[in-house]
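Trainee: Got a structure for you, questions after.
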Amino acid sequence: MSKDKANQRSKGRPKIIAIIAQKGGVGKSTVSCQLAVLFSTFGKKVLMVNSDTHQNSIGDALRDREDANIVCVTIPTKNLRRELSKDPLTGNFDIVIIDGEGHIHEHSKVALETCDYFIVPILPSQFDLNSYDKYVNAVVEPTLEYKDLEGGVFLNQDESDASSTETIDMLTEYPLPVFSNSIIRSKLIRKSSGLGMGIAEYRRNTAASKSIFKFSKELINAAEIKIKNFTYEEFAKRSLIRRESRKGVSSNARAKEASTNIEKTTRVQLEPRA
Ligand SMILES: Nc1ncnc2c1ncn2[C@@H]1O[C@H](COP(=O)(O)OP(=O)(O)OP(=O)(O)O)[C@@H](O)[C@H]1O
Ligand SMILES: [Mg+2]
Numbered sequence: 295m296s297k298d299k300a301n302q303r304s305k306g307r308p309k310i311i312a313i314i315a316q317k318g319g320v321g322k323s324t325v326s327c328q329l330a331v332l333f334s335t336f337g338k339k340v341l342m343v344n345s346d347t348h349q350n351s352i353g354d355a356l357r358d359r360e361d362a363n364i365v366c367v368t369i370p371t372k373n374l375r376r377e378l379s380k381d382p383l384t385g386n387f388d389i390v391i392i393d394g395e396g397h398i399h400e401h402s403k404v405a406l407e408t409c410d411y412f413i414v415p416i417l418p419s420q421f422d423l424n425s426y427d428k429y430v431n432a433v434v435e436p437t438l439e440y441k442d443l444e445g446g447v448f449l450n451q452d453e454s455d456a457s458s459t460e461t462i463d464m465l466t467e468y469p470l471p472v473f474s475n476s477i478i479r480s481k482l483i484r485k486s487s488g489l490g491m492g493i494a495e496y497r498r499n500t501a502a503s504k505s506i507f508k509f510s511k512e513l514i515n516a517a518e519i520k521i522k523n524f525t526y527e528e529f530a531k532r533s534l535i536r537r538e539s540r541k542g543v544s545s546n547a548r549a550k551e552a553s554t555n556i557e558k559t560t561r562v563q564l565e566p567r568a
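The C-terminal position of the sequence shown is numbered 568 in our numbering, with every residue numbered one higher than the one before it.
Next up, the structure:
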């Protein structure tokens, strides 16, 4: 197929972002949640994918959020590639976020094969750097040898201390690009994600909301995701409107509306091939 035809074909297909890591508990689901809500806040339709081999409370909270712009699905690793290459995804979603599985290298490999752009969160510690080194060698590098794919690593739970600075310095010695914007460690990020809320819906104009915004801005530039009027002011304004508009609507009514939307879309998009 000519390059032009390939480009035409990829027009309208969602951008697939994989959040993968060498271990559990580094913030994959937290960052997935924040990104999903941020994209949805700017009017993007988001498909949030996890493989749910263990309970994912952030994923559940996001599902319970009843946001018509976010559909959460569980796809087992073995079906990921097939499900995400289906044509019905085209036009129905702008962005797919794969919330990776810590520990399970097979899931990372399939996510890498499937995605358009990947990000790897890392915590500020020597221990995390050691396992990151092994992970890049065993999982990421082999995929990059045969697939032209871009991605980067970023520090999550940055505390602006010696350990954080040292981790960022060390990361620059590895082959993957390092994001200039880290995500800070903040209980506001932990709490909002646990409720399935965006950070700026929970508390606007905080260091945490600015950190998530700046990181997201770097990501959308790197992954070539187009969002109009992507400024912090707009993010804060839209988040406030969304927060306010959710008040006064009975949770039952919202739950009913959302589950209908989700079921409808999920059924159409993700039925197994006959
Ligand atoms: N930037 C942050 N600031 C404060 N707490 C954070 C931050 N990022 C993640 N956490 C907390 O760290 C814990 C692990 O985060 P999370 O569940 O997102 O990790 P994970 O990589 O998805 O783990 P798993 O591999 O088990 O799915 C959670 O309690 C979460 O609230
Ligand atoms: Mg998780």
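Glycine residues also receive a C-beta, built at the ideal position from the N, C-alpha and C atoms.
Using the C-alpha atoms, what's the distance from Ile514 back to Ile521?
Mentor: 8 Å
Trainee: Using only the heavy atoms of ligand 2, determine whether one of them is closer than 7 Å to the beta carbon of Ser323.
Mentor: yes
Trainee: In terms of alpha-carbon separation, which member of Asp358, Ser457 and Leu417 lies closest to Phe448?
Mentor: Leu417
Trainee: Please list, in chain order, all residues of the same chain as Ser544 whose beta carbon is under 8 Å from its beta carbon, the five residues on each side excluded.
Mentor: Note on Ser544: pLDDT 43, under 50, position unreliable in the model; the coordinate value appears next. Sequence-distant Cβ neighbours of Ser544 in its own chain, meaning closer than 8 Å and more than five residues away, do not exist here.
Trainee: Pick from Pro436, Val433 and Gly385: whose alpha carbon is nearest that of Gly306?
Mentor: Gly385
Trainee: Is Asn350 near ligand 2 - that is, is its Cβ less than 7 Å away from at least one heavy atom of it?
Mentor: At least one heavy atom of ligand 2 is nearer than 7 Å to the Cβ of Asn350, so yes.
Trainee: Run through DSSP, which three-state label would Met342 get?
Mentor: strand
Trainee: When you compare only the Cα positions, how much space is there between Asn350 and Asn373?
Mentor: 19 Å
Trainee: Please list, in chain order, all residues of the same chain as Asn475 whose beta carbon is under 8 Å from its beta carbon, the five residues on each side excluded.
Mentor: Phe448, Ser505, Lys508, Phe509, Lys511 and Glu512
Trainee: Please state whether the Cβ-Cβ distance between Ile314 and Ser402 is less than 8 Å.
Mentor: yes
Trainee: Between the Cα of Phe540 and those of Lys309, Ile310 and Arg359, spot the shortest distance and give me the residue it belongs to.
Mentor: A quick correction: the sequence has Arg, not Phe, at residue 540. Ranking Lys309, Ile310 and Arg359 by Cα distance to Arg540 puts Arg359 first.
Trainee: By how many angstroms is the C-alpha of Arg532 removed from the C-alpha of Thr569?
Mentor: For the chain, the structure presents residues 295 to 568; residue 569 sits outside this window and is missing.
Trainee: Give a yes or no on contact between the stretch 477-496 and the stretch 319-339, applying the rule of three or more CB pairs nearer than 8 Å.
Mentor: yes
Trainee: Check the C-beta distance from Leu443 over to Phe412 and give it rounded, since I have them as a contact under 8 Å.
Mentor: 7 Å
Trainee: DSSP on Val320, reduced to helix/strand/coil?
Mentor: coil
Trainee: Please classify Gln420 as buried or exposed, where buried requires at least 16 other C-beta atoms within 10 Å of its C-beta.
Mentor: exposed
Trainee: Buried or exposed: Gly321, going by 16 or more other Cβ atoms within 10 Å of its Cβ?
Mentor: buried
Trainee: Apart from the five residues just before and just after Arg536, which ones in its own chain have a Cβ nearer than 7 Å to its Cβ?
Mentor: Thr335 and Glu495
Trainee: Does the Cβ of Asp393 lie closer than 7 Å to at least one heavy atom of ligand 3?
Mentor: Ligand 3 is absent from the structure shown, which contains only ligand 1 and ligand 2.
Trainee: Roughly how many whole angstroms lie between the Cα atoms of Asn499 and Ile478?
Mentor: 14 Å
Trainee: Quick one: which unbroken alpha helix (DSSP H) runs of 4-plus residues sit fully inside the stretch 380-419? Chain order, please.
Mentor: 399-408
Trainee: Can you check whether the CB of Ile389 is closer than 8 Å to the CB of Ile493?
Mentor: no
Trainee: Enumerate in chain order the residues of its own chain whose CB-to-CB distance from Ile364 is below 7 Å, with the five nearest sequence positions on each side excluded.
Mentor: Excluding positions up to five away in sequence, the list reads Ala330, Ser334, Val340, Met342 and Leu356.
Trainee: Using beta-carbon positions only, say whether Asn344 and Asp393 come within less than 8 Å of one another.
Mentor: yes
Trainee: When burial is assigned at 16 or more other CB atoms within 10 Å of the CB, is Tyr440 buried or exposed?
Mentor: Around the Cβ of Tyr440, a 10 Å sphere holds fewer than 16 other Cβ atoms; the residue is exposed.
Trainee: Give me the residue from Ala432, Glu395, Thr437 and Val414 with the minimum Cα distance to Glu407.
Mentor: It is Thr437.
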